[in-house]
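Since the structure comes first, as C-alpha cells, the remarks are kept for the end.
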Amino acid sequence: MKKRLFSVVVCGLISSGIFGQNIPLDPSVKMGVLSNGMKYYIRKNALPEKKVDFRLAINVGSILEDENQRGLAHFMEHMNFNGTKNFPDNKLVDFLQSIGVKFGQHLNAYTGFDETVYMLPVPLDKPGNLDAGLKVMEDWAFNATLSDEQINKERGVVLEELRLGLGADKRMQDKYLPKQLYKSQYAERLPMGKKEVLENFKPDLIRKFHQDWYRPDLMAIIVVGDIDVEEMEKKIKDNFGKYKKAINPKERKSFDLPNHKETLVAIETDPDATSSGVQFIIKDSEAYKPEVTVEQYNQRIVEGLVNMMLNNRLGELINSTNPPFTYGAVYHGGTYARTKEAFQGSAVTKDGDQLNALKVLLKEVERAKRFGFTSSELDRAKTQILSSYEWAYNNRDKNENDELIGGYVNHFLRQEPMPGITWEYDQIKKFLPEVTLVQTNAIIGKQVKDDSRVVVITGPKKDDITMPTESMVLDMFEKLKLADLTPYQEKMKAESLIKPFKSEGKITKTETDTKLGTTTWILNNGAKVTFKKTDFKDDEIVFAGLSLGGSSIIPDTDYNKTEFAFDALLEAGLGGLSKTDLTHYLAGKQVSVSSYISGMTEGVSGTSSKRDLKTAMELIYACFTDLNYNPDSFNAYKMKKSSMLTNVESDPEYYFSNEYAKFINQKNPRFIGLAPTEKDWANTDYKKAYDIYRQKFANAGNFHFYFVGNIEETQLKSEVLHYIASLPATGKSSTFKDTGYRPLEGEFTKVYKKGKEPKSLVTISYSGETPYNEKEAFALSALGEVATIKVLEKLREDESGIYGGGASGGLSKVPYSSYSFSINFPCGPENVDKLTKSALAELQKLIDKGPEQKDLDKYKEGEYNEYKTSLKDNGFWLQGIAQNQVDGSDPYAILNYQDKVKLLTVKDLQDVAKKYLSKGRNIAVLMPEDGWVNAKKADSNTGMTDRAGVQQ
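Here the sequence shown stands for residues 16 to 967, where the numbers follow the working numbering.
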C-alpha cells in the first residue's frame, strides 16, 4: 500500500511539473550577503507612510551558553539598551523616545533558545531619522560597551524579570521539563537562566559571550518600509560591511530533541495551580528539513488540512452540550528544537479529568487514523484554507511593515520559505483541488506512533482530587489500540441561515459629512446607518451597531442574576443552527459577527470581506431576530467557565485584583466579583438574560450602525435595505443611566497577602468625581504617559528595582464625570516601601514643578507617530466615528487630535497633577504569605516566560 501511494504521489508530482522544483524567493525583497557573511533583506513598503521597520536577527540564543553563562544571552539583549558606542549608558532609549518611539510598545527585543531579535520602528518624518535607526542597528550588532557599572546596574532588572516567572506553573515546569525535554540541551538552557549566575557572574563572561557570538556571519539586518531600496542597500554595505569576518569563529552547533523508545509520563501538582491540563508530544523519527522544494511546500499544505480537520472535530466536541474539556487542540509542528517536529496536543480540563481529556484527544486521532476523513470534511477544510489565502492576496498591496517583516526574519533564522503571497495564492489554487483523501488519510499513520511519546499532566494539589498515575496513562495507550470506535458521522450542512423574506426597507433621509467623509442613512424603522469608504485595506469592512442602555438600566436584582449569562447567549447559536452548524455554514467565509450587552450599550460588531458582506448582514439580522434558546448550551458554557475559574483565586495577582475591587466597590450591590463563583452561577438566570437580550434587540430603531472599509455603496445599500431596514422596531428610545453607585472615597492603604514566592505588586491610585473638561482630559492622559517615562527611569534604570511598570490617567464623561490616575509596578517584597516612596517622589516632582519639557516632547512625538499610523486603520475610524453616540464628544475629534496634543504645555500637566494627585491617594499592595523571606533564600535555577523567548 505504501509503495502504491508513493507511486501515485510521485506520478502526480511529475505530471504537475513540480518534482524537484524549488520554492521561489519573493521578488519584492532585495537580498544579499556582505563580504563578512552578514545577510540583509530589504523591501520597499509604503504602509505606514514615512515609516521604516528594522530587525536585527542573530542566530544565537541561550542554547549556546556555557554552564557558567546561563542567562547571559538574554542579559546581553538587555545590555544593548544600556550603553553602546554612539548611545552611552541609557541614552539610546532617551533618544528613540525623542523621535516618537515608545520603549516596550514599539522598541523591543526578545531572546529565545536559538535566536535573539531586536525590533525598531522608526518614523521618517524628520531628516536624519533613517540614518539614526541604522546607527542603532549597527551598535546593537557590534558596539555594545558592556561597562562594569551598567552590567551591575542591570542585574537587578533582569532578576526582577526572572521573579515575574515564579509561581505554581514554574514550580511544576521545573519538575516535568526533564521528561518533556528528555536528554536535551534545551532542558538546561532556558532563556532566563540561573539566578545564581545572574547574581554573581563576572562581567568578562558576558563580554566573552558577546565576542564569541555577536558576529556578522550569524546576523541579518531586515529593513521594510517607505524607503529607497538601492539607497538602503548602499547604506547597509557602508555601515555593516566594514566589520571584519571572525577569525577562527566558535562553531555554531545545532541541538536535538532526542527520540526514545519509552513513553515518558510526568504528573505534577501544586497547591497554588490555577488550572488543570494535559499535553502530549510524539516526536518525529526523522530530523526536520526546511522546506526548499515545491513538493515539500505541498506536503505542508496537506498536513495543514489534516490539522484543520482534526481540530474541526475537536471544536464540535468543545461546542457540544457535554464538552469533554474547555479547550483542546492537536497539530503537527515545531518543538523547542529547530531540528525536530512532532505531533502534539493539549487540553484544559476540569480538575481531575486530565486522563479522560487525553483519551478524548487521542481517540479522535485514532478514529481519523483508522477510518480517515470524509469528503465533506476535506472540502470544507480546503475552502477554509483557500479563503484565508484569497483574503491575504486581496490585501497584498495594503500590508503594513509588521505584517511582512516577520516572514523575512523566519527565513533567515529557520529557512522558512518566503515566496510571497502572489506565488502562494497561485500555488494553493493549483494544488488544493488535487489533494485527495488518500493523501490526507496517510498523514496521521506516519505522525502518530508508539515511541518517543511524552505526556505531561498538571493541576492543583487538593485532597478531593485524585490524579492519574503513570501506569494508568500507559494503560490508556494500550486500551486505545483496541477501542471500539466508529467512523466520524457528520450532520448535513445547513444551506441557509435566514429564511427568504421580502423586504420593504426604505431610506427616509440621507446626510453627508464632508469633513469625516461619511454618509448616513436614516431608515424607515428608525435605525441609522453611517458608512465611510476607505482604501486602507482592499478587502476589509469593519462594522458595529450600538444602542444606548446596556446593563445600566437593568434593576439591581436582575443584573446580579444575568451579569455572567450574557456572554453565554451566543453559545446556543442562531437561526436554529447550533454553534457547530454555524461553523460549518461559515466555512470558507471571511466574516465574523458577535452581539453583546455591556455596561452602557448593547450591540453587534464584526468584520467582513467585501464578498461576504451579505453573510455578515444575515448574521446581524439573526442576532436581532433569531437567537436560539438552549439551556443545555448555557450549562455547557457554565461548566467550561467553572473549570477554568475554579482555582483562579489561587493566583496571587487575581486574588489581589479581586479583593481590592471588592473593597473599593463595597457600597455597590451590583459588584459581586471579577469572575463568577459557584454561588454566582447558582444565582444566574439564563432565561431572564435571554429575555432581556430579546427585549433589547427588538428595537432596531434605537440602534446606529457604522461601516468602515472598502465599501461599494450600491452593494451596502442593497444589503442594508434588505436586512437592517427590515429589523423590528418599537418607536421607543432608550439611553443608559447612572446607577448612582460610586467607588469608596478617602485615603487608605490596603495590604493583601497571597502566594509563596517573593513577589509583590503595588498600585497607587487616585479617583473621584469631577466636571468633565476636555483640555484636562488630554492633560491627565498625557501626564500618565510622562509619569510612565519617569517611573521607568527612576525605578528601573536608576534603582534597578523593577522590570516593567507604568502609569495611566484620564477623565470620563459617562455614565458620570470622573477622573482616574494610577501607577502600577511589580517588585520584590523587600523593595515595596522603598520603590513606593520613589514613585510618590516622582509624582510630587510633577506636582511641584511639572514635567520636564523634554519628557512632554517625547510624549508628543510618540502620539504623533501613532496617530499618523492609526489614521490609515479602519478600526480606528470605526471607534472614532461611533464615540460621539456614546458620550456626545466632538465628532471631529479624530481629525484634530494632533492639534490638541500640540497645544499641551508643561503647565497644563502640572495643573492637573496639582488638582488630581494632591488628595485621595490610595495604595494597594500584594505581599507574599508569611514565610516569604525563607522562600527567597531558595535558589531559583531556571526560568522562562514562554516558548517564544524573553521580551525586553
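Note that the Cβ used here is the ideal one computed from N, Cα and C, for glycine as well.
Counting every other CB atom within 10 Å of its CB across the protein chains shown gives residue 229 a total of 16 or more, marking it as buried. For residue 212, the enclosing alpha helix (DSSP H) begins and ends at 210 to 215. Contact annotation: the region 268 to 285 touches the region 469 to 481, with at least three C-beta pairs closer than 8 Å.
Boundaries of the alpha helix (DSSP H) around residue 320: 309 to 333. By the CB criterion at 9 Å, residue 515 and residue 640 fall outside the cutoff. Here the region 534 to 543 makes contact with the region 723 to 740; the two share three or more CB pairs at distances below 8 Å. Counting C-beta pairs closer than 8 Å gives fewer than three between the region 357 to 372 and the region 427 to 442, which falls short of the contact rule.
Within the same chain, Cβ atoms closer than 7 Å to the Cβ of residue 754 are found at 567 and 685, the five residues on either side in sequence being excluded. Between residue 98 and residue 88, the gap from beta carbon to beta carbon reaches 9 Å or more. Taking residue 937 as the centre and dropping the five residues before and after it, the same chain places the C-beta of 763 and 780 closer than 6 Å to its C-beta, in chain order. In this structure, the alpha-carbon of residue 187 lies about 28 Å from that of residue 269. Taking 4 residues as the shortest admissible run, the region 103 to 152 contains the following complete alpha helix (DSSP H) segments, listed from N- to C-terminal end: 106 to 113. Taking a cut-off of 8 Å on C-beta distances, the region 377 to 389 touches the region 486 to 498, as three or more cross pairs fall below it. If you look at residue 824, you'll find it isn't in any alpha helix (DSSP H); it sits in the beta strand (DSSP E) that goes 821 to 827. In this chain, the alpha helix (DSSP H) harbouring residue 417 covers 416 to 429. Looking at the DSSP output, residue 281 bridges to 471. Here the alpha carbon of residue 576 sits roughly 13 Å from the alpha carbon of residue 708. Between residue 116 and residue 880, the C-beta spacing is below 9 Å. The region 553 to 607 is shown to contain whole beta strand (DSSP E) runs of 3 or more residues at 556 to 563, in chain order. Secondary structure of residue 515 (DSSP, three-state): coil. For residue 508, same chain residues with a beta-carbon under 6 Å away, outside a window of 5 residues either side, are 599 in chain order. Taken through DSSP and simplified to helix, strand or coil, residue 900 comes out as helix. Between the region 610 to 627 and the region 666 to 673 there are fewer than three C-beta pairs closer than 8 Å, too few to call the two in contact. Taking the Cα positions, residue 659 is about 35 Å away from residue 211. By the 16-neighbour rule on beta-carbons within 10 angstroms, residue 318 is buried. Judged by DSSP secondary structure, residue 247 falls within the alpha helix (DSSP H) whose first and last residues are 244 to 255. Residue 48 sits exposed, since fewer than 16 C-beta atoms from the chains shown fall within 10 Å of its C-beta. Bounds of the beta strand (DSSP E) holding residue 56 are 54 to 59. Closest in C-alpha terms to residue 266, from the list 756, 232 and 274, comes 232. Here residue 526 carries a strand assignment [DSSP, helix/strand/coil].
According to DSSP, residue 840 shares a beta bridge with 777. Residues of the same chain with a CB within less than 7 Å of the CB of residue 608, apart from the 5 flanking positions on each side, are 619, 621, 631, 634, 635 and 638 in chain order. Within the same chain, 336 come within 7 Å of residue 647 by CB-CB distance, once the 5 residues on both sides are set aside. Here residue 51 is near residue 259, since their CB atoms are less than 9 Å apart. Rounded to the nearest angstrom, the Cβ distance from residue 145 to residue 137 is 7 Å, consistent with a contact under 8 Å.
In terms of CA proximity to residue 934, 784 leads the group 789, 784 and 748.
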